[in-house]
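Report on the following structure.
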Amino acid sequence: MITDKPTKLDALAIAAHRDDIEITCGGLMIKLHDKGYKTGALDLTQGEMGTLGDEHDRAAEAVCAAEIMGLTYRNNLALPDAAIEADRASRLKIAQVIRDTQPELVILPFWIQRHPDHLTTHGIGFDACFLAGLKKLKELQGKPHRPRKIIYCSSFRDVDHSFLVDISDQKDRKDKAVKCYSSQFNQGEASKQIYAPNQSIFEYMDIFQRKYGMRAGTQYAEAYAIKENILIDDPVKMPIQSI
């Protein structure tokens with residue numbers, strides 16, 4: 010049963026729009042669910058500025074996708090679409106959700122973005138993770154909490170990724186979750202102007218996920234970045250062959 014009430018999570022993905030999480034880290038979210046983790050999604054806007062469909066369509070589509078991904082929690086802050094501001098009020102709203110859900114892992118958009126909402130979400134999402142841990146911050150309710158790890162969705166970006174995640178077993182369900190957004194992506198030629206101009210979103214995801222999969226020696230993968238180094242205990246057992 011999916012809830013928007015405070016509940017303890019292992020992982021929380023934060024994104025500007027309904028469908029962002031499905032496209033950028035849907036495979037990982039499903040994989041975490043498959044591993045037995047409790048997962049959640051926080052969408053900052055309702056999608057009222059979308060070229061196709063409206064916020065009412067998106068609300069139903071988000072529920073459909075959440076069920077496919079196996080989410081325990083999904084919430085929406087109803088910040089203004091195409092006008093998310095990097096202000097204290099927005100940071101505090103996200104920080105309250107972090108306190109309400111106490112995730113160990115937070116997934117945020119990458120720090121290079123085309124859409125202003127995505128870039129702003131990256132910044133205020135990180136700031137909120139910090140603010141949520143300040144025990145003397147009187148504007149927030151509940152127990153102070155900071156996620157142990159923050160990772161960033163870097164798929165579809167021409168950058169040096171920190172690591173890849175095998176989503177071969179989750180790829181079909183990821184596609185089904187994205188297909189829930191029928192008002193956005195099942196509109197023929199009109200759909201091709203939404204995410205990747207003149208290209209189906211499913212072809213676009215498939216190309217990149219196959220490329221990352223080839224690099225990792227698997228069929229499909231998603232790419233992620235971190236701002237810290239990775240500590241390896243046993244290099245002998247490191248995955249991915251060098252030659």
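For the sequence shown, the numbering used here begins at 10 and goes up steadily by one. Ideal placement from N, C-alpha and C gives every residue a C-beta, glycine not left out.
In the same chain as L21, and ignoring 5 residues on each side of it, the C-beta atoms closer than 8 Å to its own belong to T48, G49, A50, L51, Y82, V106, I107, T110, P112, L114, V115, I116, P156, in chain order. Using a Cβ distance threshold of 8 Å, E237 and L37 do not count as a contacting pair.
In the structure shown, I160 falls within a strand segment according to DSSP collapsed to helix, strand and coil.
Your pair E70 and S163 does not check out as a contact, with CB atoms roughly 25 Å apart and the cut at 8 Å. In the structure shown, the three-state DSSP call for D52 is strand. Beta-bridge pairing by DSSP links I116 to A22, I160. Under the DSSP assignment, V72 falls in the alpha helix (DSSP H) whose first and last residues are 64–78. Out of Q193, I121, I176, the CA that lies nearest to the CA of D63 is found in Q193.
R166 carries a coil assignment under DSSP once its states are collapsed to helix, strand and coil.
In terms of Cβ geometry, I239 and F172 form a close pair [threshold 8 Å]. Here the C-alpha atom of K145 lies approximately 47 Å from the C-alpha atom of I216. Put simply, the segment 20–35 touches the segment 182–189. At least three CB pairs are less than 8 Å apart. Under the 10 Å beta carbon count, I93 is surrounded by 16 or more other beta carbons and is classified as buried. The beta-carbon separation of K40 and V174, rounded to 7 Å, stays under the 8 Å limit for a contact. R67 is classed as buried because its beta carbon has at least 16 other beta carbons within 10 Å across all chains shown. CA-to-CA, the gap between A95 and Q122 works out to about 15 Å. In terms of Cα proximity to H42, the closest of L80, Q55, T16 is L80. For the pair N85 and I252, the Cα-to-Cα distance works out to about 46 Å.
Taking a C-beta distance under 8 Å as the contact criterion, Q55 and D90 qualify as a contact pair.
Between the alpha carbons of H124 and V245 lies a distance of about 41 Å. Taking 8 Å as the cut-off, the Cβ atoms of T129 and A24 do not count as close.
Using a 10 angstroms sphere on the CB of P248, the tally of other CB atoms stays under 16, which defines it as exposed. With respect to M214, I32 sits close: the two C-beta atoms are nearer than 8 Å. Scanning the segment 204–247 for uninterrupted beta strand (DSSP E) segments of 3 residues or longer gives 230–234, listed from N- to C-terminal end. Collapsing the DSSP output to three states places D175 in a strand. Assignment of beta-bridge partners to T12 by DSSP yields Y82.
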